[in-house]
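Undergrad: Got a structure for you, written out below as C-alpha cells; questions coming shortly.
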Amino acid sequence: MREYTVPAVTEPPTGSLSDPVWANASSHPDTAVFSRRTGATWVDVTAAEFAQQVTGVAKGLIAAGVKPGERVALLSPTRYEWTLIDYAIWSIGAVTVPIYETSSASQIQWILTDSEAVVAIVENATHGAVVESARAEAPALREVWQIEAGAVDHLTGLGQDVTDAEFDKRRSAVTPDDLATLIYTSGTTGRPKGCKISHSNFLDELGPAVKILDDLFDTTGASTLLFLPLAHVFARIIQVGCVMKRVKVGHSADVKNLVDDLGAFKPTFILSVPRVFEKVFNSAAQKAHADGKGKIFDAAADTAIAYSQAQDKGGAGFGLKAKHLLFDKLVYSKLRAVLGGQVQYAVSGGAPLGDRLGHFFRGIGVPVLEGYGLTETTAAVSVNLPDDIRIGTVGRPLPGVTVGVADDGELLFKGGQVMQGYWKNDEATAAAIDAGGWFHTGDLGEFDVDGFIKITGRKKEILVTAGGKNVAPTLLEDQIRLHPLVSQCMVVGDGKPFIAALITIDPETIVPWATERGKPTDVASLTDDADLIAEIQKAVDEANASVSHAEAIKKFSILPIDWTQESGELSLKLSLRRHVVMKNHGDDVEALYAK
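Counting from 1, one number per residue, gives the positions in the sequence shown under UniProt numbering.
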C-alpha cells in the first residue's frame with residue numbers, strides 16, 4: 001500500500017472546545033465575535049457577551065439535571081442560538097446530538113432513541129410536535145424546549161441558582177478525550193449511524209488547520225457567513241475554528257435571504273458544497289442568456305478558466321490579461337458582488353468540485369479551496385491552501401495526517417481527527433477502522449508525488465457493464481450537472497450492455513429558457529422536446545469527452561420531476577441516494593435498454 005504523511009506541527013490538544021470562549025472573553029472582551037441578524041439590521045455580539053450567554057444556558061442545563069456525557073439533541077436550522085447552545089452543552093461535558101431540520105419523523109425518532117437523548121432543543125412548535133410524537137420510542141427524553149418560544153431565556157432563568165463555582169467545576173472537568181458530539185450520518189444507504197466525535201478530534205483537526213489557513217482565520221477583519229446546516233460536520237468545524245481565532249460569524253438559515261445577507265454581512269470567506277457553486281454559475285449563465293448577453297458571459301467564463309489555467313503555467317500573457325481585465329469590469333465584479341463583494345476565498349467540501357468550476361471561480365477572483373473529509377474524520381483530512389492550490393485535487397493531507405491507497409484503490413486515512421467509532425455499533429466500527437488504525441473511506445482515489453489527493457469515485461458505486469468494464473459514475477455526473485438546465489444526473493449501466501443516464505431538469509432555470517422559446521415552462525411537458533434534448537445532449541457530449549468510449553453515456557432519459565430530499569432520492573446533504581432512485585425509477589432505467 002502506498003502512503004504519504006504530512007508531519008504534525010502542533011502539540012497534542014489539551015482542554016476542551018469551550019475553552020476559547022472564556023479565553024476570548026478575558027483577552028478580547030470587546031471584540032465582536034458574532035453578528036446577529038435582527039430584522040433588517042445586524043447586531044454585533046462581543047466575546048464577553050457570548051461567554052455570558054453561554055454561561056447562562058449552561059447553568060440552565062445543569063439545573064435541568066443534564067449530567068456529563070448525557071446527550072442533548074439540537075434540532076434547528078443554522079442560527080445564532082444553534083452555536084450558543086452547542087457551546088453551552090460542551091462547557092458542561094454533555095454531548096450535542098445535531099438533527100437536520102429537514103429530517104423525517106422516522107429519522108428524528110431513530111436518532112432520539114438510539115442516542116438516548118435526555119433533552120431536545122428545537123427551533124419551533126412544528127419540530128417540537130415531531131419530537132413529542134417520538135417520546136414513546138425515546139424513554140430517556142425528559143424535556144423539550146423551543147428556541148422560538150424562549151428556550152435561551154428559560155434556561156438562563158432556570159440556572160440562576162447554579163453558582164459560578166459549580167459551573168467552573170463542570171467546565172474544568174471536561175477533557176480532550178470526552179465525547180463532544182454524536183453526528184448521525186445522512187444515510188445514503190441504510191439507517192444513520194452515530195459518529196462518536198471527541199473534543200480531541202475537533203482540536204486535532206483545527207490546531208494545524210487554522211495555522212495553515214491563516215489567510216482565512218488570521219486576517220484582520222476576517223468574517224464568514226454560515227448558511228450550510230450546522231448539523232453537518234463541515235459547517236460545524238468552521239464554527240469551531242472561527243471561535244478559536246475570533247473570526248466574526250454570522251448565520252443565515254433561509255436561502256431566500258442569502259443574497260441579501262451576503263450583501264449586508266460582507267464575509268471575507270465562505271464555505272459551501274459544490275452544488276451551490278454549480279447553482280451560482282448556472283444561474284448567472286442562464287440569466288445572461290435570457291437577457292441577450294449569453295455570448296458575453298460565455299466568453300467571460302472561457303476567459304476566466306483560461307486565466308486560471310495560465311496561473312499554473314507561468315502566468316497569463318498580455319492578450320489574456322487584457323481580456324480578463326475587461327471581463328472583470330463587465331462580469332466578474334458583479335458575480336463577486338453577489339457573494340458580498342469582500343470574499344477572498346471560498347472553501348468547498350462534501351463532493352468533488354470539478355476542474356472547470358475550480359478554474360472558473362479562481363479566474364473571477366474567488367479561489368475555491370477544495371478539501372476532503374467525512375463525518376467520521378471530523379471534516380477535513382486534506383485541503384488546498386491559498387498559496388498552494390492544485391485544481392482538480394482535494395489538496396494535501398493536513399499536518400499529522402497519513403493517506404494511503406489500498407490495493408483496490410480505496411483511500412485510507414490515519415490521524416487524530418478520525419472518530420472514536422460508531423455509537424453502540426462495534427461491528428460497523430470494526431468495518432470502518434481496521435486493526436492498524438486506518439479509516440476506510442469507501443472512496444477511490446490517488447495521490448501524486450507531492451501528496452495532492454484526487455478522488456476518482458466511490459468504491460460501492462462502481463458500475464460494471466455486461467462487457468466487464470468498470471465505470472466510476474460520479475465523474476460523468478459531476479460534468480453533466482454543470483449544464484445550467486440540469487439539476488441532477490444518475491449514471492446507470494451495472495450489468496447492462498452500455499452506460500446510460502437519468503437526468504432531471506432545474507425547475508428554476510428551465511423557466512426563462514422555455515419562455516424565451518415560447519415553450520411551456522413545466523418540465524413534464526418538455527421531456528420529449530427536441531430543443532431540450534439537444535441542449536442536454538451537449539452536456540452529455542462534454543462529459544463523454546472526459547472518458548473512454550466504453551465508459552461514455554450512450555442514451556439518456558429526461559425525467560418529468562426533480563429529485564428532492566422530501567421524495568427521498570437526495571440525502572440531507574444533497575447526495576444521491578442511488579438505491580432509492582433505482583427503486584423509484586427502475587422502469588425508466590429498463591426503458592433505456594428496451595429501445
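Positions of the beta carbon are idealized from the N, C-alpha and C atoms, including for glycine.
#1: Quick check: what's the CA-CA separation for L357 versus L339?
#2: I'd like the ranges of any alpha helix (DSSP H) spanning at least 4 consecutive residues and lying wholly in the stretch 469-519.
#3: Considering only the beta carbon of each residue, do L475 and H440 sit closer than 7 Å?
#4: So for residue 597, helix, strand or coil by DSSP?
#5: Using a Cβ-Cβ cutoff of less than 8 Å, which residues in the same chain neighbour D261 once the five nearest sequence positions on both sides are dropped?
#6: What residue does the beta strand (DSSP E) around G349 start on, and which one ends it?
#7: How many Å lie between K459 and L61 at the Cα?
#8: Pull up the CB-CB distance for V589 and L463, whole angstroms please, since I reckon it's below 8 Å.
#9: Using DSSP with H/G/I as helix, E/B as strand and the rest coil, what is R79?
#10: Rounded C-beta distance between I499 and A430? I'm assuming under 8 Å.
#11: Comparing C-alpha positions only, which one of S104, L84, A530 sits nearest to T156?
#12: To which residues of the same chain is P497 closer than 8 Å at the C-beta, ignoring the five residues directly before and after it?
#13: Between the Cα of G437 and those of N425, F452, Q420, spot the shortest distance and give me the residue it belongs to.
#14: Kindly indicate which residue of D587, V511, E49 has the alpha-carbon position closest to the one of Q286.
#15: Report the option in I533, T521, Q488, I480 whose CA atom is closest to the CA atom of A545.
#16: Which residues in the same chain as I558 place their Cβ atom closer than 6 Å to its Cβ, once the five residues preceding and following it in sequence are excluded?
#17: E205 lies in the alpha helix (DSSP H); which residues open and close that run?
#18: Report yes or no: do three or more beta-carbon pairs, one from the stretch 160-176 and one from the stretch 377-394, lie closer than 8 Å?
#19: Would you kindly check if the distance between the Cβ of L398 and the Cβ of A209 is under 7 Å?
#20: Leaving aside the five residues before and after E446 along the sequence, list all residues of the same chain whose C-beta is less than 8 Å from its C-beta, in chain order.
#21: Starting from the Cα of Y422, find the closest Cα among V33, N124, E376, I391 and give me that residue.
#22: Could you name the residues that DSSP lists as bridge partners for D44?
#23: Closest by CA to T268, which one among A299, F217, F277, P229?
#24: Could you name the residues that DSSP lists as bridge partners for T402?
#25: Roughly how many angstroms lie between the CA atoms of A432 and V418, to the nearest whole one?
#26: Sorted by chain position, which residues of the same chain lie with C-beta nearer than 7 Å to residue 650's C-beta, five sequence neighbours on each side aside?
#27: For R396, does the three-state DSSP call read helix, strand or coil?
#28: Check whether the Cβ atoms of T78 and P229 sit closer than 7 Å, and answer yes or no.
#29: Where do the ends of the beta strand (DSSP E) carrying A590 lie?
#30: So who's on the other strand from W145, going by DSSP bridges?
#31: Please name the residue or residues paired with A88 in a DSSP beta bridge.
#32: By how many angstroms is the C-alpha of P12 removed from the C-alpha of G495?
#33: Is L179 closer than 7 Å to K193 when the C-beta atoms are compared?
#34: So what does DSSP say about E376, is it helix, strand or coil?
#35: Express the C-alpha separation of K279 and H28 in angstroms, rounding to a whole number.
TA: Straight from the coordinates:
#1: Cα to Cα, the separation comes out at about 16 Å.
#2: Counting whole runs of 4 or more residues, the stretch 469-519 contains the alpha helix (DSSP H) stretches 473-480, 510-516.
#3: Using a Cβ distance threshold of 7 Å, L475 and H440 do not count as a contacting pair.
#4: This structure leaves residue 597 out entirely; the chain is present only between 1 and 595.
#5: Taking D261 as the centre and dropping the five residues before and after it, the same chain places the C-beta of R37, L225, F227, G250, S252 closer than 8 Å to its C-beta, in chain order.
#6: No beta strand (DSSP E) contains G349, which DSSP labels as neither H nor E.
#7: Here the alpha carbons of L61 and K459 stand approximately 43 Å from one another.
#8: Incorrect: roughly 12 Å between the Cβ atoms, too far for contact.
#9: Coil at R79, not helix or strand.
#10: Actually they are not in contact, since the Cβ atoms of I499 and A430 sit about 35 Å apart, beyond 8 Å.
#11: For the residues S104, L84, A530, the minimum Cα distance to T156 belongs to L84.
#12: Here P497 has T465, A466, G467, Y593 as same chain residues with Cβ atoms under 8 Å from its own Cβ, once five neighbours each way along the sequence are excluded.
#13: Minimum Cα distance to G437 is reached at Q420.
#14: That would be V511, whose Cα lies nearest to the Cα of Q286.
#15: Answer by Cα proximity: I480.
#16: Setting aside the 5 residues that flank it on each side, I558 is surrounded in the same chain by I503, T527, each with a C-beta closer than 6 Å to its C-beta; the list follows chain order.
#17: According to the DSSP assignment, E205 belongs to the alpha helix (DSSP H) that extends over 199-212.
#18: No, because fewer than three Cβ pairs between the stretch 160-176 and the stretch 377-394 fall closer than 8 Å, the two stretches do not touch.
#19: Taking 7 Å as the cut-off, the beta carbon of A209 is found closer than this to the beta carbon of L398.
#20: The residues are V405, G409, I453, K454, T456.
#21: Looking at the Cα atoms, E376 is the closest of the given residues.
#22: S35, per the DSSP bridge assignment.
#23: Cα-wise, what sits closest to T268 is F217.
#24: Residue pairing for T402: DSSP places it in a beta bridge opposite T5, K414.
#25: Whole-angstrom Cα-Cα distance: 10 Å.
#26: What is shown of the chain runs 1 to 595, which leaves residue 650 out entirely.
#27: In the structure shown, R396 sits in a strand (DSSP, three-state: E or B).
#28: Cβ atoms of T78 and P229: closer than 7 Å.
#29: The question names Ala, yet the displayed sequence has Glu at residue 590. Per DSSP, E590 lies in no beta strand (DSSP E) segment; the continuous alpha helix (DSSP H) that holds it begins and ends at 586-594.
#30: W145 has I121 as its beta-bridge partners, per DSSP.
#31: Note: A88 sits in no beta bridge, so no partner.
#32: Inter-residue distance for G495 and P12 is about 49 Å (C-alpha atoms, whole angstroms).
#33: It is not a contact, given that the beta carbons lie outside the stated cut-off.
#34: Correct three-state label for E376: helix.
#35: Roughly 39 Å separates the two Cα atoms.
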